[in-house]
Every structure is written in structure tokens, then in C-alpha cells.
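Everything below concerns the one structure shown next.
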Amino acid sequence: MMDSTSNKIWAKVWMAIVYLFLYLPIVTLVIFSFNDSKLVTVWTHISFRWYTQLAQDSDLISAVLLSLEIAGLSALMSVFFGTFTAYALNRYKRFQGRTLLTSMSSMPLVMPDVIVGLSLLLMIVTVQNWLGFPERGLFTILLGHALLGTAYAMVVVTSRLREMDSKLDEAAMDLGCKPIQVFALVTFPLLVPALVSAFLLTFTLSFDDVVLSSFLSGPGYSTMPMVIFSRARLGLNPTINAVATVTITVVTIVVIASSFYTSHQERKRKREEALAYSDSNK
Amino acid sequence: MAKIQSFFTSLSTGRLAVIGVPYFWFLLLAAIPLLIVLKISLSEMESTSISNMINWSQGWPRLTLNFASYQFLATDSLYFKTYLSSIKYAVITTLLCLAIGYPFAYYMARSPKHMQPTLLMLIMLPFWTSFLLRIYAWKTLLVSNGVINNILISLHIIDTPIEMMNNSFSLLLGMVYSYLPFMILPLYANLTKMDMRYLEAAADLGTSPFKAFWLITVPLSKAGIVAGSMLVFIPAVGEYVIPELLGGSSTLMIGRVLWDEFFSNNDWPMASAVAIVMILLILVPMGVYNKAQAKQVEGR
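Keeping their order, the protein sequence lines are chains W and F. Just so it is clear: in the first sequence, position 154 is 154 by the numbering used here, and no numbers are missing. Count along the second sequence from 1, add 1000, and you get the number used in the numbering used here.
Next comes the structure, spelled out in C-alpha cells:
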């Protein structure tokens, strides 16, 4: 028994060390955003000067707005195309070129960002030579983020589709639903929680991306990560700590809220299923 | 006739659209761009558009291929060294993630059931906050007048700051830090499903816990180990942001070489050739992974 208690202590210590490792940099960022000193790493006393400076930093603010716009639009596109892909691969087990679609859709997941960025840019330049558009800017960044996001959204939606009972679809079809009605009335409502988490995931991916944006953006289009990256390359800058703190706060609230939403939905669904079964057994 | 008929049925059931839309999307944004990279890697600086590569001789189109970029890649030892060093850093990162992540995932899978969602969420949470900002945070911690050195000096543990930035230490630290959740999540998913009766049976038969761990737990979690290692190794090989912010100039990484060829030297064929060789490097472990996955599906 001695062995098992020491094992438990060891387990707790190991987990605590890993969590400390994961959270140490985040906590430091937040603490030093309230530091008065110009030197990011020397603590003097508490102040909000970097937040006032952030509020006046028009470059950074317009970059944040651009990033939000791109993240919102690309997340919508990602969820749309990701659902399509997941549905096609999940419902149609045999069609010509299925293997090609599977490998193409996982390509953005396995290729390093630099390769995805380079290949998309070269494609866009080729199209530009032929047709004269698209101009590099918001639209081209959007395409890149939507491609990456589609692959991730597909994974999220696929795992939900796999869990779902295909009997429900079959029942709806037996009752005379057309395929489009089956999707709209049965599949889609069941998918909503997965779509919400896919949206959040792809929004975050887009909001966080620096490599694809750097390849695909044109003059005058700098996203928030691009601005932060170019400043971080030059050295340490307390305004970055302030931006970080704001981002971390928003993200934490959204992630916790969404996890409550998902577990609530799950419980609701289970309750309804239980009710349905108990009704049918009467 | 039958073919046309089946075409129309598939049109009416929406099958064609459901398959066609993602097909078109990925062909345009994933497959064709990679072919263009391959094509440009085989052209010269001046002639990167397709029309320049096709010569018409005696009424037949003829593709001129130019292997200059690949020749340069093969002869300049710097590229070879960089590929090798990228693989080295990626392998070390993967092993460190495994060494830290395996015990963690193991303990997490065996902690009380009601705690597990919270523990999992705490692993996911940093993953949701900006990767770039977290790497930047390490910079503020590690620089010679950084937070860690300042604390150590004020505690009189050291007199002169320790060099922790712009070397392989800071690079590996940043990579392990960023990719650790990618190792923990598949391992946890695997270990949490494990049938504990195997271990009970082993204990009944007199196997020590230590031996049972190596003979039962580790082999059963092989799929998780492979999946986690791939999820860490593949992005680590091509990583750009971490070496750029934490690695300094002495650590060679191929992602940075590609970036510099493209943005600083404007040498598109060279950047493309670097990319193609990088893809080939990634395809090998990918193949191993797919094989392992297929085996696992068969085994079920």
C-alpha cells in the first residue's frame, strides 16, 4: 500500500509541475501588463499606463479590427465547407476520388504553415497573371484561413457525425422526408453544438495565425498577429502584454461559457432521449 | 443511358453537390497550389509562369524542366545541414513531449472521474490563447535581463545572468511548450479507454506494477504514442515562428530558410524546391502513421 500512496503524491507533483509550466508564461504576461516600468522585466509598481497607450495605438487597434473581421468571416466559411466535407465523407462511403478528397482535406492539417502559405500565394499569383485578380489583401488572407479552418471544422463535425445515430436519418426517410429535409430537420439540429465548437476553434485559429497572413496579405493589410510578431521580433514591448491580457481574458470567458453551453446541451439531449424511450415503453 | 440517369438521380438527391462543393474547394486551394509549387521549383527565376515553360516544337508542346534549384539544394551543404538540424530538433521535441506528456496523461486518466473534465479543460485552455503571445511571453522570461534571471539574481543564487535565449535551449523549450498539449490529448484519449482488468489480471498473476506498466500499459497505448508523436513531429519540422522569436541566428531550421528564400532573396524556385523536399520529409512519417492507423482499424 505504501507504494500506491507515494505513487499518488508523485502523480500530483508531476501534474502540478506540468500545469505550472503551461501557465507560467501566461501569468507573467498578465502580471507585467500592470507594471509601471518601461523595462518589461523589472517590476516597479502597479499602473495602467500600457492600457492607456494601447487605447491610443491606432495601428494595433485597426489590426485587431481587421483580425476580428477576417476571423469571423473565415470561421463562417470554414464551418460551411467543413460541414460539407464531413457530411460527404461520412454519408457517401463509396465514390470515385474519395481517397483524393480525404487526403486533400487533411493536407492543411499535416503540412507546415510555411508550405500552405507559399503554395496558396503562388496559386494566387498564377491566377492573377491570367485574370488580373484577386488583389492581395483581405480576400486572400480570408481564403488561406478558410482553407486551414475547413480542415479543422471537418474533424470536429466528423466526430459528431460518427456519434450520431444514422437510424434517425433512416426513420425520417421512411416517414417520407426528402434528403434535404432530412438534413434540415434531423441532421442539422443535432449538429448545432458541433458547429458552435467548430466556429470557435476556427475563429481562434484565424485570429492567431501569423504565417499564412504574412504570405497572403498585401500592403495596408496587417492583422493583429502580424503587428505583434513584427514588434516582438524587434524586442520586448509592454503594450503587447496589455493586448495579451485583454485577449486572454476574452478567450477564457468564451471558452468557459462555451463549455458550459456544450455540457448543458448534452444533458438536455440525454434527458430528451430518456423521456422519448420512457414514453415508447408505456 | 444508365449513367446519365444515375447522374440525374444524384443531382436530385443532392449527392453531386454534397461531394462536388468540398471537392472543388480543396482542389482549388490544396491540390492545385501544391502542383504549382512543384512546377515553380522546376523553373528558373525569370520564367515562373506556365507559358514560359512550354516550348512549341514541331506542333507539340514541350515542357522544359529546370533542376537548377534542386542541384543547388544538393550541392550547398548548408541546406543539408539545415534539414538535418530541423529533424534533430523535431525528434528531440517529440521525445521530450513524450517523456513529459506520457506520465501526465497516465495520471490524468487515473485521476477521479469527476476531476477529469476540469483537468482536460486546463490543458486545452492555453491552446485557445494565442500561440504567438505565449511564445513572446517566454522571451520576457528568458532574456538575460528577463524575469527568471532577475529573480535568481535578487535571490543571490547567481551573480551573472544565465544565457537562456537565442540558443537550442530556448528553441526546444518553446517547441516543447507549444506542442505538449498535442501529445497529451491523444495519449489521454487512448489511456482513458484502457481496460483495467488486464492490469488486475497481471497483478493476480503476481506481476509487479512496474513490470505490468511496461508489458501491458505501454504496448496497449501504442496508437496514442504514435498519434501524439506525429502531431508533434510534423509541425515541429517546419516550424517558423518559434525559431524566429526564440531560436536566434545559430539554430538552423528549414522553415526559416524557406521564409528567407521567399521574402528576403525573392527566389521563388528555390523556396519551392525547399518546400518540395520538406514535403517529402514529412510524407515518410505520415506513411508510417497511416499504416499504423490502418492496422489499428483492422485489429478492432
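Ideal placement from N, C-alpha and C gives every residue a C-beta, glycine not left out.
Residue i burial status per 10 Å Cβ neighbour count (16 or more: buried)
i	result
W/Trp50	buried
W/Arg267	exposed
F/Thr1048	Note that F/Thr1048 scores a pLDDT of 49, beneath 50, so its modelled location is shaky; the value from the coordinates is reported in the next line. F/Thr1048 should be labelled buried.
W/Glu273	exposed
F/Leu1261	The question names Leu, but residue 1261 of chain F is Glu in the sequence shown. F/Glu1261 should be labelled buried.
F/Arg1300	For F/Arg1300, the predicted model reports a pLDDT of 48, less than 50, meaning its position is unreliable and no value from the coordinates is stated.
F/Leu1185	buried
W/Asp165	exposed
F/Lys1039	buried
W/Gly132	exposed
W/Met1	For W/Met1, the predicted structure reports a pLDDT of 37, less than 50, and the residue's modelled location is therefore unreliable. The matter cannot be settled from this model.
W/Ala194	buried
F/Gly1255	buried
W/Leu275	exposed
F/Leu1035	exposed
F/Val1218	exposed
W/Leu20	exposed
F/Phe1315	No statement about residue 1315 of chain F is possible, as the shown extent of chain F runs from 1001 to 1300 and does not include it.
W/Asp113	buried
W/Val243	buried
W/Arg160	buried
Nearest-angstrom Cα separation, counted from residue j out to residue i
i	j	result
F/Leu1018	W/Thr85	It is Val, not Leu, that sits at residue 1018 of chain F in the sequence shown. If I take the Cα positions, the gap works out to 8 Å.
W/Thr247	W/Leu147	24 Å
F/Cys1097	W/Gln128	43 Å
F/Val1037	F/Ile1276	7 Å
F/Ala1031	W/Met104	6 Å
W/Ile228	W/Leu109	24 Å
W/Gly144	F/Thr1207	54 Å
F/Pro1103	W/Ala11	8 Å
W/Arg94	F/Gly1014	15 Å
F/Pro1181	F/Ile1123	6 Å
F/Leu1065	F/Ala1273	13 Å
F/Lys1291	F/Pro1285	10 Å
W/Gly220	W/Gly137	8 Å
F/Trp1128	W/Val251	7 Å
F/Gly1247	W/Val64	27 Å
W/Val42	W/Asn35	8 Å
F/Ser1250	W/Arg271	59 Å
F/Ser1130	W/Arg91	35 Å
W/Leu201	W/Lys178	32 Å
F/Trp1259	F/Ile1216	45 Å
F/Ser1051	W/Ile124	Legend: pLDDT at F/Ser1051 = 49, less than 50; position of this residue unreliable, value from coordinates given subsequently. Distance between the alpha carbons of F/Ser1051 and W/Ile124 is about 16 Å.
Contact belief for residue i with residue j at Cβ below 8 Å, rounded distance in angstroms
i	j	result
F/Thr1093	F/Ala1236	5 Å
W/Thr28	F/Leu1141	6 Å
F/Ile1087	W/Ile115	Their Cβ separation, rounded to whole angstroms, is 16 Å, which puts F/Ile1087 and W/Ile115 out of contact at 8 Å.
F/Ala1202	F/Ala1212	4 Å
W/Ala172	W/Val186	5 Å
F/Val1288	F/Leu1132	Between F/Leu1132 and F/Val1288 the Cβ distance is about 31 Å, and since that is not below 8 Å, they are no contact.
W/Gly82	W/Ala198	6 Å
W/Val182	W/Asp169	5 Å
W/Leu142	W/Leu73	6 Å
W/Pro225	W/Val210	4 Å
Interface partners of residue i on chain W, CB under 7 Å
i	result
F/Ala1090	Correct list: empty, because the minimum Cβ distance to chain W is about 10 Å.
F/Thr1129	Ile26, Thr247, Ile248, Val251
F/Gly1014	Pro179, Ile180
Three-way DSSP call (helix, strand, coil) for residue i in this model
i	result
W/Ile141	helix
W/Asn237	coil
F/Thr1048	In this prediction, F/Thr1048 scores a pLDDT of 49, lower than 50, which makes its location untrustworthy; no coordinate-derived value is stated.
W/Asn35	strand
F/Val1284	helix
F/Ile1092	helix
F/Ile1162	coil
F/Ile1019	helix
W/Ile26	helix
F/Ile1225	helix
F/Ile1157	coil
Listed by chain order, chain W residues near residue i by CB distance under 9 Å
i	result
F/Ala1177	Per the sequence presented here, residue 1177 of chain F reads as Tyr, with Ala not at that position. Within 9 Å Cβ-Cβ: Phe21, Leu22, Pro25.
F/Gly1238	Met111, Pro112, Asp113, Val114, Ile115
Residues that residue i contacts on chain F, provided the C-beta gap is smaller than 7 Å
i	result
W/Ala88	Val1018, Ile1019, Pro1022
W/Ser278	Here the premise fails: no neighbours, minimum Cβ distance about 26 Å.
Residues that residue i contacts on chain F, provided the C-beta gap is smaller than 9 Å
i	result
W/Asp59	Correct list: empty, because the minimum Cβ distance to chain F is about 17 Å.
Contact set between residue i and chain F, taken where Cβ atoms lie within less than 8 Å
i	result
W/Phe81	Val1021, Pro1022, Trp1025
W/Ser222	By Cβ distance, chain F contributes nothing, its closest Cβ being about 14 Å from W/Ser222, past 8 Å.
W/Ser37	Going along chain F, no residue has its Cβ under 8 Å from W/Ser37, so there is no contact; the nearest lies around 11 Å.
W/Arg233	Glu1244, Leu1245
Amino acids of chain W, ordered along the chain, whose beta-carbon sits closer than 8 Å to that of residue i
i	result
F/Asn1166	The premise fails here: F/Asn1166 is roughly 12 Å from chain W at the closest Cβ pair, so nothing lies under 8 Å.
Beta carbon proximity, residue i to chain C, threshold 8 Å
i	result
W/Ile141	Reference to chain C is not applicable here, since the protein chains of this structure are W and F.
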